[in-house]
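J.: Sharing a structure below in structure tokens format, with a few things to ask.
Residue numbers (this note's numbering), protein chains in the order written: chain G, -15 to 435; chain X, 1321 to 1772.
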């Protein structure tokens, strides 16, 4: 028996240690992120999930659907039935439909509005062997645009211009850029948050927003395929088109600088050349997506407002997105929430009381009402992109497995009770075995001679 | 022939004696029970099972897996019936995904059913390999073994049908692959496939049909389990020593000793099972089970089919004879996968060694464990993507990287070698060993193990 156990263990070790080398280039492994729901006792953080839902509803839902989820599931993340009902009514009004409240319990969330945008009902489960893997993947994907754009644009230009790559300098080191006008400047290159910068010696940028050049100047052939970027830009520069007047300066500078400069990042991007060459319009580079190309633009680019807490009275009064963001901060900063919510009704009253011809900032009573709200908002912690991504993924994880909290709580008790039962049964079994074998030794077991 | 006749005569005699006793004196003290039992003999049946039928007194924990399989079957049927209640067979994916969060308690049922499928196969594989190790397939238990194998094949059918009715990207892909096997049948293959699916592709028609079969087959399995037990009670249980029971000194009644032992085993099993259900329910799932439409990027069956899947994919070359393609690689794969299911049926004929238990077969013991290793490795080969077909590393000691032994084999060749051994084990190793291996001296009886 003992020998067999050792053999079996040896077999299991050999079998489980056997590994297969990957045949194809693997996509980068997304780093582990500590999730609230991971681990044996981990639970969904409901307020985080609610923050994530707000971002989902404001941004992701523009394209992505959640057709396997019902609106009333939002009651599980802290919304009241009234709030959800008004949300449904608003959503249906946007589609030109009216909301019959008797259908409340069977109102599903919207389907994807853009073809190719996957449904996010089970996004976390659909993107990893475990919930954690799926969450890590989506989290990395959301932040993946920023991390790698420095590795993208180089090679297309380098290959097009047959630039020698023997000598190159790291990003941040000064290089000499020769511009088409013949002027030479010492500049430093930097990629930051989707933008390519060339900084002059006076520390002012000479070129910004290189990514925009791409979208503004991209040309297509008759079949709709994107032409190489360098070619597109040169075409445009040869034309005289007043539409591009304002953009020429930066495009010209950037083009020349890139053509003349040796590209440090070209080397890092070498491996991705093929993906870039096959890019069509509206595709983006993201190393975490298999193949490196994704059709979704970074959803975080236009989320700058989420970084703001300094709203003017004007914005508080009129800009719906400012207020929307304010409610977002309210969830993130729970200690400040009650104080601001107290002030909101008086703010609204003051807004309604603004007479004709006056503006929010010029009308003193409104300004006075808005000032305390503004001050409180200033005290709030702005969320970073990382935090926003985490919140969104938390909501997606919740949507994928809504019963996780209850299930883990029940499971803990089930397993504890069964463990205790097993231990008790073991001693019971020992005692029964002792008695039965004593009896068996004396009387023998059942036996049918005819058998 | 003579013996069988004598046994039959004895049975007839015994029944006469029994009916006489029943008519004369009441069997049970309680008059209600007596009344019932004289009309429908449930209680005497139970008494026979629990008290009068002899069981070997030395059954180890490996014998728990039979009753555990039965319990798993019950759990699967009960949860399955509840899961079917809110199921809309016209749109199964939506129905399942929505019911999980809208029907109370459905999510627990679903997780039990989902994880339970794997655990059912885990206990059944333990049960089968226990039978292999202790020679439970040898006479007079051939029918127990054969019926058991039929149950195993039925289980695989049921599991596959259950897998397809989810109607996700993955399960539709799986259904395509499986029904594609039938196209290797000469002349009528394509037609058979169309009839199976009721269409050219996997549509609602096929899903509805698969659901019906998935609902029906478990009850067929229950029937086969009855036959499995009937055959077992006729010949009595095997035991770790593999020698027959010789008298009352070797036996013990099922109740209370084995009842409690089975209960203890069940409790330990349920602890592990419930841990998986509540804490790791998605462990054995696949991401593409949560998507609909499109082609799966990586078709991989559930783990319990992986060894068969590996055998299927091992054949990449057509069989060519005198310049004519005799069998294509696909046909070879399907044929050998089918044979892998058929060959175990011949075990009672292939292995005729007098010792049942591998305990007493020092040479076969090593081949048995080699067979276990080959089965697990076949499973691993089945798991690899086509793209990862590359070198195989077997680290001698997994913690120390530089001890890695690099096999000069790609996965296909490795799979082919493993497939080769899988069949050689049955067709060559067992018959040869059963003929030439001299087993150690068998104990005289269960009560008197060999003195050494």
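Backbone N, C-alpha and C fix where the C-beta goes; we use that ideal spot for every residue, glycine too.
Go ahead and pull the three-state DSSP assignment for residue 1442/X.
T.: Position 122 of the second chain, counted from the first residue, corresponds to residue 1442/X. DSSP places residue 1442/X in helix when its eight states are reduced to three.
J.: Which ranges would you report for the alpha helix (DSSP H) in the stretch 1637 to 1680 of chain X if only whole runs of at least 4 residues count?
T.: 1649 to 1662, 1667 to 1670
J.: How many Å lie between residue 71/G and residue 56/G at the Cα?
T.: For the purposes of this step, residue 71/G is identified with residue 87 of the first chain, where counting begins at 1. For the purposes of this step, residue 56/G is identified with residue 72 of the first chain, where counting begins at 1. Cα to Cα, residue 71/G sits roughly 10 Å from residue 56/G.
J.: Would you call residue 1520/X buried or exposed, if buried means 16 or more other Cβ atoms sit within 10 Å of its Cβ?
T.: Taking the first residue of the second chain as 1, we reach residue 1520/X at position 200. So residue 1520/X counts as exposed.
J.: If I measure Cβ to Cβ from residue 1408/X and keep anything under 8 Å in the same chain, skipping five residues before and after, which residues do I get?
T.: In the second chain, counting from the first residue as 1, residue 1408/X sits at position 88. Closer than 8 Å at the Cβ level, and outside the excluded window around residue 1408/X, lie 1414, 1415.
J.: Listed in chain order, which residues of the stretch 1576 to 1592 of chain X have Cβ atoms closer than 8 Å to some Cβ of chain G?
T.: 1576, 1577, 1580, 1581, 1583, 1584, 1587, 1588, 1590, 1591
J.: Which residues of the stretch 11 to 36 of chain G have a Cβ closer than 9 Å to any Cβ of chain X? Give them in chain order.
T.: 24
J.: Does DSSP classify residue 54/G as helix, strand or coil?
T.: To locate residue 54/G, count along the first chain from 1; it is residue 70. Strand, per DSSP.
J.: Please list, in chain order, all residues of the same chain as residue 1640/X whose beta carbon is under 8 Å from its beta carbon, the five residues on each side excluded.
T.: Walking along the second chain from the start, residue 1640/X turns up at place 320. 1646.
J.: Starting from the beta carbon of residue 398/G, find every residue of chain X whose beta carbon is closer than 7 Å, and list them in chain order.
T.: Numbered from its first residue, the first chain carries residue 398/G at position 414. By Cβ distance, chain X contributes 1594, 1598.
J.: Do you know how far the Cα of residue 1697/X is from the Cα of residue -3/G?
T.: For the purposes of this step, residue -3/G is identified with residue 13 of the first chain, where counting begins at 1. For the purposes of this step, residue 1697/X is identified with residue 377 of the second chain, where counting begins at 1. Their backbone Cα atoms lie some 11 Å apart in a straight line.
J.: Give every residue of the same chain whose Cβ lies closer than 7 Å to the Cβ of residue 1556/X, excluding the five residues on either side of it in the sequence, and list them in chain order.
T.: In the second chain, counting from the first residue as 1, residue 1556/X sits at position 236. Closer than 7 Å at Cβ, skipping near neighbours: 1374, 1565.
J.: Give the DSSP bridge partners of residue 1375/X, in chain order.
T.: Counted from its first residue, the second chain places residue 1375/X at position 55. According to DSSP, which records beta bridges pairwise, residue 1375/X is partnered with 1572/X.
J.: Exposed or buried, residue 363/G, counting other C-beta atoms within 10 Å across all chains shown (16 or more means buried)?
T.: In the first chain, the residue the question calls residue 363/G occupies position 379. Under this definition residue 363/G is an exposed residue.
J.: With DSSP collapsed to three states, give me the class of residue 1729/X.
T.: Against the second chain, residue 1729/X aligns to sequence position 409. Note: residue 1729/X maps to strand in three-state DSSP.
J.: So is residue 1481/X buried or exposed if we call it buried at 16+ other beta carbons inside 10 Å?
T.: The count along the second chain starts at 1 and reaches residue 1481/X at position 161. Buried, because 16 or more other Cβ atoms sit within 10 Å of the Cβ of residue 1481/X.
J.: Between residue 53/G and the rest of its own chain, which residues show a CB-CB distance below 8 Å, the 5 nearest in sequence each way excluded?
T.: Stepping through the first chain from its first residue, residue 53/G is reached at position 69. Only 92, 93, 105, 383 meet the Cβ criterion.
J.: Can you list, in chain order, the residues of its chain with a C-beta nearer than 7 Å to that of residue 1582/X? Leave out the 5 residues immediately preceding and following it.
T.: The sequence position of residue 1582/X within the second chain is 262, counting from 1. Excluding positions up to five away in sequence, the list reads 1384, 1387.
J.: Taking the straight line between their C-alpha atoms, what separation do you get for residue 466/G and residue 344/G?
T.: The structure shown does not extend to residue 466/G, since chain G is modelled only from -15 to 435, so the question has no answer here.
J.: Taking 7 Å as the cut-off, is the C-beta of residue 417/G nearer than that to any heavy atom in the ligand FMN?
T.: Absence of the ligand FMN is noted for the structure shown, with no ligands found whatsoever.
J.: For residue 204/G, which of helix, strand or coil comes out of DSSP?
T.: Working through the first chain from its first residue, we reach residue 204/G at position 220. Reduced to three states, the DSSP call for residue 204/G is strand.
J.: Relative to the C-alpha of residue 1483/X, which candidate in 1495/X, 1474/X, 1473/X has its C-alpha closest?
T.: To locate residue 1483/X, count along the second chain from 1; it is residue 163. The shortest Cα separation from residue 1483/X among 1495/X, 1474/X, 1473/X belongs to 1495/X.
J.: Using 8 Å as the threshold, is the C-beta distance between residue 1615/X and residue 1683/X below it?
T.: Numbered from 1 along the second chain, position 295 holds the residue referred to as residue 1615/X. Numbered from 1 along the second chain, position 363 holds the residue referred to as residue 1683/X. Contact flag unset, no.
J.: Report the residue from 323/G, 283/G, 401/G, 427/G whose alpha carbon sits nearest the alpha carbon of residue 358/G.
T.: As a position in the first chain, residue 358/G is number 374, starting the count at 1. When each option's Cα is compared against that of residue 358/G, the closest is 323/G.
J.: May I ask you to report which of helix, strand or coil DSSP gives residue 92/G?
T.: For the purposes of this step, residue 92/G is taken as residue 108 along the first chain, with counting starting at 1. Residue 92/G falls in the strand class under three-state DSSP.
J.: For the stretch 1365 to 1382 of chain X, list every residue whose C-beta sits within 7 Å of some C-beta in chain G, in sequence order.
T.: 1371, 1372, 1373, 1374, 1377
J.: When burial is assigned at 16 or more other CB atoms within 10 Å of the CB, is residue 1766/X buried or exposed?
T.: Position 446 of the second chain, counting from 1, holds the residue named residue 1766/X. Classification of residue 1766/X: buried, given that the 10 Å Cβ count is 16 or more.
J.: Would you please verify whether the beta carbon of residue 363/G is less than 8 Å from any beta carbon of chain X?
T.: Taking the first residue of the first chain as 1, we reach residue 363/G at position 379. Answer no: the Cβ-Cβ gap between residue 363/G and chain X never drops below 8 Å.
J.: Could you tell me which chain G residues have their CB closer than 9 Å to the CB of residue 1460/X, listed as they occur along the chain?
T.: As a position in the second chain, residue 1460/X is number 140, starting the count at 1. The contacting residues do not exist; residue 1460/X stays about 12 Å from chain G at best.
J.: Which complete alpha helix (DSSP H) runs does the stretch 1457 to 1490 of chain X hold, if anything under 4 residues is left out?
T.: 1462 to 1484
J.: Between the C-alpha atoms of residue 1608/X and residue 1474/X, what's the straight-line distance to the nearest angstrom?
T.: Translated into positions along the second chain, residue 1608/X becomes position 288. Translated into positions along the second chain, residue 1474/X becomes position 154. C-alpha separation (whole angstroms): 26 Å.
J.: Can you check the stretch 1479 to 1550 of chain X for any alpha helix (DSSP H) of at least 4 residues that lies completely inside it and give the ranges in chain order?
T.: 1489 to 1500, 1509 to 1517
J.: Taking the continuous alpha helix (DSSP H) assigned at residue 76/G, which residues delimit it?
T.: On the first chain, position 92 is the one that residue 76/G refers to. Note, residue 76/G: alpha helix (DSSP H), 65 to 78.
J.: Please report the residue range of the alpha helix (DSSP H) in which residue 1702/X lies.
T.: Counting from one through the second chain, the residue named residue 1702/X turns up at place 382. Its alpha helix (DSSP H) spans residues 1682 to 1703.
J.: I'd like the list of long-range same chain contacts for residue 1732/X, defined as Cβ closer than 8 Å, with 5 residues on each side in sequence excluded.
T.: The residue labelled residue 1732/X in the question sits at position 412 within the second chain. 1633, 1634, 1636, 1709.
J.: In chain order, what residues of the stretch 1390 to 1424 of chain X put their CB closer than 7 Å to some CB of chain G?
T.: 1414, 1417, 1418, 1421, 1422
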